[in-house]
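**Student:** The working numbering numbers the first residue of the sequence shown as 8 and each following residue consecutively. For every residue, glycine included, the Cβ atom is placed at its ideal position computed from N, Cα and C. Being a predicted model, the structure only gives us computed values, none of them experimental. Got a structure for you, written out below as structure tokens; questions coming shortly.
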Amino acid sequence: MKFPPKSKLGFKLWTIGFILGLVTLGILFFAGRYISDSADYFSTLSFLLFMLLVIVAGAFLYTLRSQLDSDVVESYLNQKINELEEQLEEANEDSEHKSVYLENMSHEIRIPLSTILGMIRMLKNTDLDIDQKAQVEIAEYSSEHLLQLINMILNNSKGVDTNLELEQVPISLQSDFTKLFKIFEYQAWEKGLEFSYKFLTNKKQDFLLLGDIGKIQQVLINLVNNSIKFTNNGKIEVTIDHKVTYDDLQVVSFYIKDTGIGMSSIEQDQAFGNLENKNASPAVKHYRGSGIGLAVSKKLVELMGGELKFESKENEGSTFYFSLQLQKTLNVITEPLKEAPVLLNKYDFRFSVLVAEDNKMNQKVIKFLLEQHGAECTFATNGLEAVNLYKVINFDMIFMDIYMPEINGYEATRIIKNSDKYAKNNIPIVAVSASAFEEDIEKAKAAGVDEFLAKPIDNEKLNSVLRKYALKKEEQVS
Numbered sequence: 008m009k010f011p012p013k014s015k016l017g018f019k020l021w022t023i024g025f026i027l028g029l030v031t032l033g034i035l036f037f038a039g040r041y042i043s044d045s046a047d048y049f050s051t052l053s054f055l056l057f058m059l060l061v062i063v064a065g066a067f068l069y070t071l072r073s074q075l076d077s078d079v080v081e082s083y084l085n086q087k088i089n090e091l092e093e094q095l096e097e098a099n100e101d102s103e104h105k106s107v108y109l110e111n112m113s114h115e116i117r118i119p120l121s122t123i124l125g126m127i128r129m130l131k132n133t134d135l136d137i138d139q140k141a142q143v144e145i146a147e148y149s150s151e152h153l154l155q156l157i158n159m160i161l162n163n164s165k166g167v168d169t170n171l172e173l174e175q176v177p178i179s180l181q182s183d184f185t186k187l188f189k190i191f192e193y194q195a196w197e198k199g200l201e202f203s204y205k206f207l208t209n210k211k212q213d214f215l216l217l218g219d220i221g222k223i224q225q226v227l228i229n230l231v232n233n234s235i236k237f238t239n240n241g242k243i244e245v246t247i248d249h250k251v252t253y254d255d256l257q258v259v260s261f262y263i264k265d266t267g268i269g270m271s272s273i274e275q276d277q278a279f280g281n282l283e284n285k286n287a288s289p290a291v292k293h294y295r296g297s298g299i300g301l302a303v304s305k306k307l308v309e310l311m312g313g314e315l316k317f318e319s320k321e322n323e324g325s326t327f328y329f330s331l332q333l334q335k336t337l338n339v340i341t342e343p344l345k346e347a348p349v350l351l352n353k354y355d356f357r358f359s360v361l362v363a364e365d366n367k368m369n370q371k372v373i374k375f376l377l378e379q380h381g382a383e384c385t386f387a388t389n390g391l392e393a394v395n396l397y398k399v400i401n402f403d404m405i406f407m408d409i410y411m412p413e414i415n416g417y418e419a420t421r422i423i424k425n426s427d428k429y430a431k432n433n434i435p436i437v438a439v440s441a442s443a444f445e446e447d448i449e450k451a452k453a454a455g456v457d458e459f460l461a462k463p464i465d466n467e468k469l470n471s472v473l474r475k476y477a478l479k480k481e482e483q484v485s
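Shown next, in the form of structure tokens:
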């Protein structure tokens with residue numbers, strides 16, 4: 008056994024062992040009286056017994072002191088562990104409070120901002136001269152840029168959940184990303200920079216690709232915003248190369264090149280490091296903008312099966328790039344046709360739409376958009392009113408805001424879906440919300456909504472939803 012014992016069990020075993028030893032010597036001492044009458048025997052045995060008692064007493068005191076020291080250390084460590092656990096719990100609570108605060112603030116900002124964008128788009132459809140159209144476009148791009156920044160801050164603050172599922176949707180590379188690049192074009196122009204983008208392909212593609220466009224856009228927003236922020240003069244070039252194809256897969260490579268400040272070799276080693284790395288250089292912390300943009304982008308690309316890489320030279324610029332393998336779809340790209348309002352069809356009937364929206368300005372925007380497509384709108388200012396109106400009036404479709412007084416959109420949807428009336432005539436329910444993150448969409452789907460539209464409502468997406476259910480209605484009428 009190790010001496011001195013370092014545990015309470017060892018201390019007990021050691022003590023019991025020596026007590027047994029003393030008892031044994033005592034038995035030998037008294038038994039010896041009947042075995043031998045020699046004085047030398049008794050004096051020698053007495054001396055040995057005395058020495059053993061001294062050694063045992065000294066060892067016992069030493070062990071006792073060691074045990075006390077061990078108990079003090081153990082008590083101190085337990086106290087520190089409890090303190091660290093409390094600090095960790097407080098830190099987690101603070102982090103959760105910050106996340107909730109960011110979510111609430113971003114939602115409050117997105118509501119009026121979506122109204123502004125809706126009004127701007129309404130204004131674009133009026134009779135404007137060339138100068139007025141240019142001014143409206145600047146206002147639209149600025150508003151979209153602000154909305155983009157709000158979403159980026161909130162997305163990056165949440166980090167990346169590796170258990171997230173990819174939302175695979177059909178993507179038209181040129182159509183879907185050109186609008187995003189137009190916003191960057193305006194941002195660069197404001198700073199006096201040249202911004203260009205190009206799509207490289209061997210031939211015109213007549214098919215769509217399956218991918219998580221939301222995550223791809225988040226990566227591009229992070230990377231291009233970084234490039235614009237840290238390029239004081241020169242240009243930013245974005246290239247989407249989709250020349251490589253095999254079987255039913257398309258390899259799409261994204262390149263973001265700038266003539267900015269670049270990074271030193273030390274800063275490059277730290278670029279994708281720990282988000283909370285206190286030893287990271289000030290330049291790297293500054294280069295990350297929000298502090299986690301590059302790390303979040305790297306994780307998102309890995310989640311989609313790619314790898315984010317970069318090359319950088321100090322005072323010359325940087326190039327960030329990544330490649331994704333996207334599945335080809337059977338969807339065929341067709342030129343958009345100018346058609347009559349989708350809800351005015353050959354039977355000349357109008358859709359009756361219940362709109363649950365508590366914000367009066369947003370009511371005007373959605374009314375304008377729906378009436379352009381031939382809809383007749385009835386408004387409810389909260390979830391309870393929407394449920395009551397649904398009970399007494401027959402509607403063809405419901406647009407349900409998520410966050411409303413009395414009853415929120417989730418609960419109102421559940422009540423309507425579980426009603427006897429809905430069982431006899433199930434009509435589509437479309438969720439509409441300024442909060443349009445993955446968890447919001449999943450929660451809405453769990454409540455039973457059929458479609459989800461983010462505010463500000465994109466007219467093309469609205470058109471797609473209306474056409475989808477208008478065709479179903481036509482089939483029912485015929």
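(1) Please tell me whether L307 and G241 are closer than 9 angstroms, where the distance is taken between their beta carbons.
(2) In whole angstroms, what separates the C-alpha of V251 from that of V394?
(3) Quick one: measure Cβ to Cβ for G324 and G269, integer angstroms, because I've assumed they're closer than 8 angstroms.
(4) Around the Cβ of F329, are there at least 16 other Cβ atoms within 10 angstroms (buried) or fewer (exposed)?
(5) So for K475, helix, strand or coil by DSSP?
(6) Are there three or more Cβ pairs, one per stretch, closer than 8 angstroms when the region 255-272 is compared with the region 229-236?
(7) What do you get for S319, buried or exposed, if any count of 16 or more other CB atoms within 10 angstroms of its CB means buried?
(8) Bridge partners for Y204 per DSSP, in chain order?
(9) Considering only their Cβ atoms, is the gap separating L217 from V176 smaller than 9 angstroms?
(10) With H, G and I counted as helix, E and B as strand and the rest as coil, what does DSSP make of K353?
(11) If you compare alpha carbons, which of K431, E392, L377 and N209 is closest to I414?
(12) What's the call for D447, buried or exposed, on a 16-neighbour Cβ count within 10 Å?
(13) Can you name, in chain order, every residue of its own chain whose Cβ lies under 6 angstroms from the Cβ of E147, other than the five neighbours on each side?
(14) What separation, rounded to the nearest whole angstrom, lies between the Cα atoms of Y204 and I243?
(15) For E192, which residues of its own chain have a beta-carbon under 6 angstroms away from its beta-carbon, when the five flanking residues on both sides are left out?
(16) Quick one: does the C-beta of L227 sit closer than 8 angstroms to a heavy atom of the ligand SAH?
(17) For the beta strand (DSSP E) containing Q257, list its first residue and its last residue.
(18) Can you tell me the Cα-Cα spacing of I247 and F261, whole angstroms?
(19) I need the DSSP call for G296, collapsed to helix, strand or coil.
(20) Whose CA, out of E172, L161, L135 and I423, lies closest to the CA of K105?
(21) How about I436 and E458: are their beta carbons less than 9 angstroms apart?
(22) With a threshold of 6 angstroms on Cβ separation, who are the neighbours of L208 within its own chain once the five nearest residues in sequence on each side are excluded?
(23) Just checking my contact of F317 with A302 at CB under 8 angstroms: how many whole Å lie between their CB atoms?
(24) Just list the residues that DSSP pairs T385 with in beta bridges.
(25) Would you list the residues sitting across from S319 in a DSSP beta bridge?
(26) Is E346 helix, strand or coil when you go by DSSP?
(27) Mind checking which residues open and close the beta strand (DSSP E) that includes F459?
(28) Could you spell out where the alpha helix (DSSP H) holding F188 opens and where it closes?
(29) Output the distance between the C-alpha atoms of F358 and L156, rounded to the nearest integer angstrom.
(30) Could you tell me which residues DSSP puts in a beta bridge with I436?
(31) Go ahead and pull the three-state DSSP assignment for F375.
(32) What does the alpha-carbon distance come out to for the pair E174 and D219?
(33) Measure the CB-CB distance between V245 and F188 and report whether it falls below 9 angstroms.
(34) Taking all protein chains shown into account, decide if T185 is buried (16 or more other Cβ within 10 angstroms of its Cβ) or exposed.
(35) Give the secondary structure of Q175 by DSSP, where H, G and I count as helix, E and B as strand, and everything else as coil.
(36) Could you check what DSSP says for Q212 in three-state terms: helix, strand or coil?
**Tutor:** For this structure:
(1) Looking up residue 307 in the sequence shown gives position 300. Looking up residue 241 in the sequence shown gives position 234. No, they are not a contact pair.
(2) As a position in the sequence shown, residue 251 is number 244, starting the count at 1. As a position in the sequence shown, residue 394 is number 387, starting the count at 1. One C-alpha to the other measures close to 53 angstroms.
(3) Residue mapping note: residue 324 aligns to position 317 of the sequence shown, counting from 1. Residue mapping note: residue 269 aligns to position 262 of the sequence shown, counting from 1. At roughly 5 angstroms, the Cβ-Cβ gap stays under 8 angstroms, so G324 and G269 are in contact.
(4) One-based indexing of the sequence shown puts residue 329 at position 322. With 16 or more other Cβ atoms within 10 Å, it is buried.
(5) Within the sequence shown, residue 475 is the residue found at index 468, counting from 1. Correct three-state label for K475: helix.
(6) yes
(7) Here residue 319 refers to the residue found at position 312 of the sequence shown. Answer is buried; the Cβ neighbour count reaches 16.
(8) The sequence position of residue 204 within the sequence shown is 197, counting from 1. Partner(s): V245.
(9) Along the sequence shown, one-based indexing puts residue 176 at 169. Along the sequence shown, one-based indexing puts residue 217 at 210. A contact, by the Cβ cut-off of 9 angstroms.
(10) Translated into positions along the sequence shown, residue 353 becomes position 346. The pLDDT assigned to K353 is 40, lower than 50, so where the model puts this residue is not dependable, and the model offers no usable value.
(11) Position 407 of the sequence shown, counted from the first residue, corresponds to residue 414. It is E392 whose Cα lies nearest to the Cα of I414.
(12) Stepping through the sequence shown from its first residue, residue 447 is reached at position 440. D447 comes out buried.
(13) What you label residue 147 is simply residue 140 of the sequence shown in a count that begins at 1. The answer, listed in chain order, is I127.
(14) Within the sequence shown, numbered from 1, the residue matching residue 204 stands at position 197. Within the sequence shown, numbered from 1, the residue matching residue 243 stands at position 236. Approximately 9 angstroms, taken between the alpha carbons.
(15) Numbered from 1 along the sequence shown, position 185 holds the residue referred to as residue 192. Taken in chain order, the residues that qualify are F202.
(16) The ligand content of the structure shown is nil, which means the ligand SAH is not present either.
(17) The residue given as residue 257 occupies position 250 in the sequence shown. Counting along the chain, the beta strand (DSSP E) containing Q257 begins and ends at L256 to D265.
(18) Taking the first residue of the sequence shown as position 1, residue 247 is located at position 240. Taking the first residue of the sequence shown as position 1, residue 261 is located at position 254. Distance between the alpha carbons of I247 and F261 is about 5 angstroms.
(19) Looking up residue 296 in the sequence shown gives position 289. A caution first: G296 carries a pLDDT of 46, below 50, which makes its placement in the model too unreliable to give a value.
(20) Here residue 105 is taken as the residue at index 98 of the sequence shown, counted from 1. It is L161 whose Cα lies nearest to the Cα of K105.
(21) Within the sequence shown, residue 436 is the residue found at index 429, counting from 1. Within the sequence shown, residue 458 is the residue found at index 451, counting from 1. Yes, the Cβ-Cβ distance between I436 and E458 is below 9 angstroms.
(22) If you number the sequence shown from 1, residue 208 lands on position 201. Residue identity differs from the one stated: residue 208 is Thr in this sequence, not Leu. Same-chain partners within the cutoff: H249 and K250.
(23) Within the sequence shown, residue 317 is the residue found at index 310, counting from 1. Within the sequence shown, residue 302 is the residue found at index 295, counting from 1. Contact doesn't hold; Cβ gap of about 13 angstroms is too wide.
(24) Taking the sequence shown and counting its residues from 1, the one referred to as residue 385 is at position 378. In DSSP, T385 forms a bridge with L361.
(25) Counting from one through the sequence shown, the residue named residue 319 turns up at place 312. DSSP output for S319 lists S325 as bridge partner(s).
(26) Numbered from its first residue, the sequence shown carries residue 346 at position 339. Since pLDDT at E346 reaches only 47, below the 50 mark, its modelled position is unreliable, and no value is offered.
(27) Along the sequence shown, read from residue 1 onward, the residue named residue 459 stands at position 452. Taken as a continuous stretch (DSSP letters only), the beta strand (DSSP E) holding F459 covers E458 to A461.
(28) Start at 1 with the first residue of the sequence shown, and residue 188 comes out as number 181. F188 -> alpha helix (DSSP H) spans L180 to E197.
(29) Along the sequence shown, read from residue 1 onward, the residue named residue 358 stands at position 351. Along the sequence shown, read from residue 1 onward, the residue named residue 156 stands at position 149. About 36 angstroms.
(30) Position 429 of the sequence shown holds residue 436. For I436, which the question treats as bridged, DSSP gives the partners I405.
(31) Translated into positions along the sequence shown, residue 375 becomes position 368. The answer is helix: DSSP assigns F375 an H, G or I state.
(32) Start at 1 with the first residue of the sequence shown, and residue 174 comes out as number 167. Start at 1 with the first residue of the sequence shown, and residue 219 comes out as number 212. When rounded, the distance between both Cα atoms is 5 angstroms.
(33) Residue numbering aside, residue 245 sits at position 238 when the sequence shown is read from its first letter. Residue numbering aside, residue 188 sits at position 181 when the sequence shown is read from its first letter. In contact: V245 and F188 (Cβ atoms closer than 9 angstroms).
(34) Along the sequence shown, one-based indexing puts residue 185 at 178. T185 is exposed by the Cβ-count criterion.
(35) In the sequence shown, residue 175 corresponds to position 168, counting from 1. Three-state result, Q175: coil.
(36) Here residue 212 is taken as the residue at index 205 of the sequence shown, counted from 1. Correct three-state label for Q212: coil.
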